[in-house]
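Asks:
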Amino acid sequence: MFDSGLNEQRDALATVPGDGLAGPTGPVSSYDALPIPPAHLREWRDATLGRIRELPRRRVLEIGAGTGTLLTRLARDAEVRTCFATGSSAAVAALTARVEADPVLREKVRLECRDADDTHGLPTGYFDTIVVDSVVPSFPDLAHLRTVVERLLPLLAPGGSLFLGGLRNLDLAHCFRTGTALARPGAARGDREALRRRVDREVAEERELLLSPALFDALARDLPAVRAVDVRVQRGVQHNELTRYRYDAVLSTAEPAADLTAAPRARWGEEITTAATLAGHLRARRPAVLRLAAVPNRRVHDEYAAMQSLFNPLESIDLAPQDAPAPAPEVLCRAAERLGYRALPTWGERPDLLDIVLLDPEQVPAGPLTGVYAAPVVETAGCANTPATDHRPAGPDVGPPVRLPKDAAPSARTAPGTLPSHTVRAAAPAPRALSAPTATAARPVTRTRPATGIWAGADTDAPPSEANVASLFAAQVARAPEALALPGLAYAELDARSDLLAHALLEHRAGPGTCVLTAMSSPAGFAVAALAVVKTGAALLPVDPTLDLAEAPHPVVLLLDEMADLLLPAVPGAARLVRDAAAGPLPPAGHWPVTDADRLRPPCPGDPLLVVPGEDGTVAVGGEAVAAAARTAPADTAWLVRGYPDGDAAIGLLSALVCGARVHVPDGSVSRDVPHEVLGWLHRRGARMVLGGADDVLGALLALARAEGAALSVSGGWAEGRLVVEQVPGSPPRPAPGYRAYLLDALLRPVGPGETGSLYIAGAGVAQGYAGEPGADGERFLPDPFGGQGGGTARMWRTGRAARLDEDGSLRVLDGPVHDDPFTDEHATFVVLADATGHRALWPATAAIPEGWCETHGEDTYAPCLDHLHSPLDDDLDDLFQTSPHPGIHRAPTDVTHRRDAPTTCLHLTDDEPFRRTP
3 MFDSGLNEQR
13 DALATVPGDG
23 LAGPTGPVSS
33 YDALPIPPAH
43 LREWRDATLG
53 RIRELPRRRV
63 LEIGAGTGTL
73 LTRLARDAEV
83 RTCFATGSSA
93 AVAALTARVE
103 ADPVLREKVR
113 LECRDADDTH
123 GLPTGYFDTI
133 VVDSVVPSFP
143 DLAHLRTVVE
153 RLLPLLAPGG
163 SLFLGGLRNL
173 DLAHCFRTGT
183 ALARPGAARG
193 DREALRRRVD
203 REVAEERELL
213 LSPALFDALA
223 RDLPAVRAVD
233 VRVQRGVQHN
243 ELTRYRYDAV
253 LSTAEPAADL
263 TAAPRARWGE
273 EITTAATLAG
283 HLRARRPAVL
293 RLAAVPNRRV
303 HDEYAAMQSL
313 FNPLESIDLA
323 PQDAPAPAPE
333 VLCRAAERLG
343 YRALPTWGER
353 PDLLDIVLLD
363 PEQVPAGPLT
373 GVYAAPVVET
383 AGCANTPATD
393 HRPAGPDVGP
403 PVRLPKDAAP
413 SARTAPGTLP
423 SHTVRAAAPA
433 PRALSAPTAT
443 AARPVTRTRP
453 ATGIWAGADT
463 DAPPSEANVA
473 SLFAAQVARA
483 PEALALPGLA
493 YAELDARSDL
503 LAHALLEHRA
513 GPGTCVLTAM
523 SSPAGFAVAA
533 LAVVKTGAAL
543 LPVDPTLDLA
553 EAPHPVVLLL
563 DEMADLLLPA
573 VPGAARLVRD
583 AAAGPLPPAG
593 HWPVTDADRL
603 RPPCPGDPLL
613 VVPGEDGTVA
623 VGGEAVAAAA
633 RTAPADTAWL
643 VRGYPDGDAA
653 IGLLSALVCG
663 ARVHVPDGSV
673 SRDVPHEVLG
683 WLHRRGARMV
693 LGGADDVLGA
703 LLALARAEGA
713 ALSVSGGWAE
723 GRLVVEQVPG
733 SPPRPAPGYR
743 AYLLDALLRP
753 VGPGETGSLY
763 IAGAGVAQGY
773 AGEPGADGER
783 FLPDPFGGQG
793 GGTARMWRTG
803 RAARLDEDGS
813 LRVLDGPVHD
823 DPFTDEHATF
833 VVLADATGHR
843 ALWPATAAIP
853 EGWCETHGED
863 TYAPCLDHLH
873 SPLDDDLDDL
883 FQTSPHPGIH
893 RAPTDVTHRR
903 DAPTTCLHLT
913 DDEPFRRTP
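Below is the structure:
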């Protein structure tokens, strides 16, 4: 693990409010006790900071600063002059060391050890903003909260604000507990009355303070100093228990710039029914203020419907996905923001509804707002629960919700691809789901010691296929056109729909030497998009629009769903095609296969299948992995991808489709994060290959499969070196056919049984290299001493990590390099080798030169050798990195319509609309 990644995750966790347990791998979810993804936590942190930064903050006080995640970031803002912070003695001690080591913090920050209600000695009338984030749920009762608020208000300067963050919504307590109860395996098939009693009991035994959003208007009526109340739900793309059930409240002592209680209303479902009709309404009328009222809250919709079904014996009590009654709130917010509006999401007239208040900054003055939440008039006494005070053991059935304390221990894992900026001898990040876990199986397993440091499956020497992915898929369609590829989509129909989209892409100059960016969360939509790109000969560039994007090649076309269209900025010169999820599917009217005559040029064997941006360079991946899959028997595949598929999922999906597998997609009745439930679903579907899924879930699935004697395969590793690992009954886990991993010593020879060596990935999972980075390419992609076939050469990828084969045959990847890795030895010398294909690579001078490679630069130290490296990719993929002028807009087919609110390069289409060829 790299320290930068560890600190980043520690900070992300520290921002998240506490209401449960922090496990050994970081904060865990209330639904399945698995770690909450760091990306979700970072989004939560950033949204909280954004909310606070709306407030004046020359002088800031934070109550309960924890590890200082908010404090240390706010203190760096130019507007901030002074930051006071309080906390426990342990937290203050840790923060003090951090502050003293940083000149900026040392100048601005003052720390004190005190409780939240202890304001003695703090300056009155001094602070512009006081932050109490993620602390209120730990208060013992409403009276304590009121005491804290009453003691903090006098500390505010005139016009100051009190920010209360991470509040839990009392009005949704039963909804939340219904969701967590139904997430347990088999809960939906149990006794309805017992489940209802369980939910009621867990709500009654809640040990944290839950508050109705209406409380704060009621408090303001009793506190003359409070002149404005602004209650909002959390912004965010991710749907989790944080964005579903938590909110913020700001109590301001300034006169409000606007009272929004009686703002003009447009009720959802009447005139406005989609993000597009909302945009049309705003564009046509340009109101100063609009309250989009009674929007069904998509975040809680399924759990709220399940809660209601508990009291209706005619309805099933499960979490099967319901018809989406409205887009996600973030989609609506961003649709308005694209037109220059401020979007303020808040609670609605019922717990399962939201209001989204929209303000035109040019017509509404800046300043504190009140009435964002149109709160009903209530008494404070009914706006809070009474937290339980017992401390019974928290077992799997009676545990509390997730606690994410500010000083929680960070995870010991980092996400794949988190390499630091390019360093000559950097190690690879932790791999994704690379091997089986080390947990003991449920029954004895025969243990065999590996013979050497080569970890490989069977049939690895099969000759490579000369066919490209498009022709492999065409052959499969011809073999079984009516077989199901994905739910509701046969191979012939998938072929026809991808042909139609491929022709649309060709109209926009997609083809060999270019790339097409895709961001499609629908499995069927992504399958159509991926195959369409493959048929054009372009490289597929799959991205997740919710994450920060590394510098990527320049795409000629962006294929997006509606959410990605809102999140991704425009790319100069690139066409933008948006899949309309609301449009009804139309049957393909005919079939127009893509031929070489349609393409810009015929595809070449070396054209990349996809490109993946990374910290160490853009990784070009060929079709070897897909071709390897085509040589194996088809295995039904499970799609456990959440959100947007990455490069690994794209390769896995194409591999399944070229060999005729059926891809199963779980519905809402399957909890994808509960390994026992997922494995049972896999058994019922007959699926043996898993795509996507959290690392911990995949590890647990392999362990369960091994204990039960079931066959299961998962993929993982790195973009540069991918592995497919299969668990075969009666055998230790091993790479799938065509995949290999080497554990090598300082002379690049296999280590002995049980010994630790440097890990190299070889075989079908090795990428083509780093495009545009000859140094990085030649120092990481090295000659494969054992892999050339038919007198040819092959390459392996150096991970920079140590590893060993355990006695049970599992590959265990360790942190950091092995002690005798020559690439980390400052005194080691190297030569530069080349093969007949033009690849050049570093090679330790002390190691034997592999067959088929020759020395082109004599023995030298590390750095000078880098100047003599060259990769064929530098010539082949130059066009991917050029921002060329847009080639012009071709006439769209008559059934593909231009979006009115988009630039002329942006089209709105469905992946299954008929495409009519134009001359």
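Position in the sequence shown counted from 1, then plus 2, gives you our numbering. Ideal Cβ placement from N, Cα and C applies to all residues, glycine included.
Just confirm the distance between the C-beta atoms of V138 and L166, as a whole number of angstroms; I'd bet it's less than 8 Å.
Replies: 6 Å
Asks: If we count the other Cβ atoms within 10 Å of its Cβ and call it buried at 16 or more, is V571 buried or exposed?
Replies: Inspection of the sequence shows that residue 571 is occupied by Pro rather than by Val. Answer is exposed; the Cβ neighbour count stays below 16.
Asks: Can you check the segment 186-219 for any alpha helix (DSSP H) of at least 4 residues that lies completely inside it and give the ranges in chain order?
Replies: 194-206
Asks: Beta-carbon within less than 8 Å of D79's beta-carbon, same chain only, minus the 5 sequence neighbours each way: which residues are those?
Replies: R55, R59
Asks: If you reduce the DSSP assignment to three classes, tell me which class H685 lands in.
Replies: helix
Asks: Return the CA-CA distance between D119 and R148, expressed in angstroms with no decimal places.
Replies: Answer to the nearest angstrom: the Cα atoms are 10 Å apart.
Asks: Excluding the five sequence neighbours on either side, which residues of its own chain have a C-beta within less than 6 Å of the C-beta of I132, listed in chain order?
Replies: L63, L154, L164
Asks: Can you check DSSP and say which residues form a bridge with C856?
Replies: DSSP lists A836 as partners of C856.
Asks: Taking contact to mean 3 or more Cβ pairs, one atom from each stretch, closer than 8 Å, check whether the segment 726-733 and the segment 711-718 are in contact.
Replies: yes
Asks: Using 8 Å for Cβ pairs, my map puts G740 next to A566. What's the rounded Cβ distance?
Replies: Contact flag wrong, Cβ pair sits at about 33 Å.
Asks: Could you check how far apart the C-beta atoms of P677 and L659 are, in whole angstroms? I think they sit under 8 Å.
Replies: At roughly 26 Å, the Cβ-Cβ gap does not stay under 8 Å, so P677 and L659 are not in contact.
Asks: Roughly how many angstroms lie between the CA atoms of I358 and W683, to the nearest whole one?
Replies: 39 Å
Asks: Would you give the residue range spanned by the beta strand (DSSP E) that W641 belongs to?
Replies: 639-642
Asks: Determine the direct distance from the alpha carbon of D497 to that of E679, and round the result to whole angstroms.
Replies: 33 Å
Asks: Could you pull the start and end residues of the alpha helix (DSSP H) that L659 belongs to?
Replies: 649-660
Asks: Give the secondary structure of C177 by DSSP, where H, G and I count as helix, E and B as strand, and everything else as coil.
Replies: helix
Asks: Using only CA atoms, which one of L157, P215, V558 lies nearest to T126?
Replies: L157
Asks: Just the C-alpha distance for S523 and P187, rounded to the nearest angstrom, thanks.
Replies: Taking the straight line from one Cα to the other gives about 26 Å.
Asks: Label Y365 either buried or exposed according to how many other C-beta atoms from any shown protein chain fall within 10 Å of its C-beta, with 16 as the threshold for buried.
Replies: Note that residue 365 is Gln in the sequence shown, not Tyr. Looking at its Cβ environment, which holds fewer than 16 other Cβ atoms inside 10 Å, Q365 is exposed.
Asks: Counting along the chain, where does the beta strand (DSSP E) carrying E114 start and finish?
Replies: 111-115
Asks: Under DSSP, the alpha helix (DSSP H) around M309 begins and ends at which residues?
Replies: 303-311 is the extent of the alpha helix (DSSP H) around M309.
Asks: Using only CA atoms, which one of T795, F129, A843 lies nearest to T255?
Replies: Ranking T795, F129, A843 by Cα distance to T255 puts F129 first.
Asks: On a Cα-Cα basis, can you pick out the residue from A259, P389, R246 that is closest to P353?
Replies: R246
Asks: For S136, count the other beta carbons within 10 Å of its own beta carbon; 16 or more makes it buried, fewer makes it exposed. Which is it?
Replies: buried
Asks: Taking all protein chains shown into account, do 16 or more other C-beta atoms lie within 10 angstroms of the C-beta of H821, making it buried, or fewer, making it exposed?
Replies: exposed
Asks: Is it right to say P846 is buried, meaning 16 or more other beta carbons lie within 10 angstroms of its own, or is it exposed?
Replies: Under a 10 Å Cβ-count criterion, P846 is classified as buried, with 16 or more other Cβ atoms of the shown protein chains found around its own Cβ.
Asks: Along the alpha helix (DSSP H) that carries T520, what are the first and last residues, could you check?
Replies: First-last for T520: 517-521, but that is the beta strand (DSSP E), not the alpha helix (DSSP H).
Asks: My output table needs one value for H42: the three-state DSSP class, helix, strand or coil.
Replies: helix
Asks: Helix, strand or coil: which one does DSSP assign to H505?
Replies: helix
Asks: Is the beta carbon of L656 sitting closer than 7 Å to the one on V535?
Replies: no
Asks: For P215 and L371, which I take to be in contact (beta-carbon distance under 8 Å), what is that distance rounded to the nearest angstrom?
Replies: Incorrect: roughly 15 Å between the Cβ atoms, too far for contact.
Asks: Per DSSP, what kind of secondary structure is G802 in: helix, strand or coil?
Replies: strand
Asks: For L341, which of helix, strand or coil comes out of DSSP?
Replies: Assignment of L341 by DSSP, reduced to helix, strand and coil, places it in the coil class.
Asks: DSSP on A222, reduced to helix/strand/coil?
Replies: helix
Asks: Got a sec, what are the start and stop residues for the alpha helix (DSSP H) D567 sits in?
Replies: 564-569
Asks: Could you tell me the alpha carbon to alpha carbon distance between H892 and V559, rounded to whole angstroms?
Replies: Since pLDDT at H892 reaches only 29, below the 50 mark, its modelled position is unreliable, and the value read off the structure follows with that caveat. Straight-line Cα distance between these residues: approximately 13 Å.
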